[in-house]
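Data first, discussion second: the structure below is written as structure tokens.
In this note's numbering, the protein residues as written are 682 to 808.
The structure is reproduced here in structure tokens:
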């Protein structure tokens, strides 16, 4: 509790960002600008200052290349560093961080279970 589930570093509530995601009529998540449905192969980003989620292509074309540093829906100003990638199939490091088996609390649980099994084996040999 009160720690980052990926690396167990301390975390505060204000470190979290409420994400605003759009759904289409079929109930699938999509980019509110391009209307492209997000899939496992989509590169998805959000703007930290607003929490609005977009397809990377929309932000790349309409913000970065156009040097337009305003949110595409709210026109709230932001900096390049406020663009956060939450899904990028071509980024192995990001994919690794999103893999739940790499979350620190699960690693700790697996290590504790292995230690317990080893202790049980040792106590069984002693008997």
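C-beta: ideal position from N, C-alpha, C; glycine also.
As the structure is a prediction and not an experimental result, all values here were calculated from the model.
So, using beta-carbon positions, are residue 715 and residue 763 closer together than 8 Å? Along the chain shown, one-based indexing puts residue 715 at 34. Along the chain shown, one-based indexing puts residue 763 at 82. No. Outside cutoff.
So what does DSSP say about residue 698, is it helix, strand or coil? Counted from its first residue, the chain shown places residue 698 at position 17. If DSSP states are grouped into helix, strand and coil, residue 698 belongs with coil.
Segment contact flag, the segment 732-740 with the segment 749-758, C-beta cutoff 8 Å, min 3 pairs: yes
Inter-stretch contact at 8 Å, needing at least 3 Cβ pairs: the segment 764-774 / the segment 708-728: yes
Using a 10 Å radius around the Cβ and a threshold of 16 neighbouring Cβ atoms, would you call residue 699 buried or exposed? As a working note, residue 699 is residue 18 in the chain shown. Per the 10 Å Cβ criterion, exposed.
By the 10 Å Cβ neighbour count, where 16 or more other Cβ atoms means buried, how is residue 744 classified, buried or exposed? The sequence position of residue 744 within the chain shown is 63, counting from 1. It is buried - the Cβ of residue 744 has at least 16 other Cβ atoms within 10 Å.
Quick one: what does DSSP say residue 766 is sitting in, helix, strand or coil? Mapped onto the chain shown, residue 766 falls at position 85. Here residue 766 sits in strand by DSSP.
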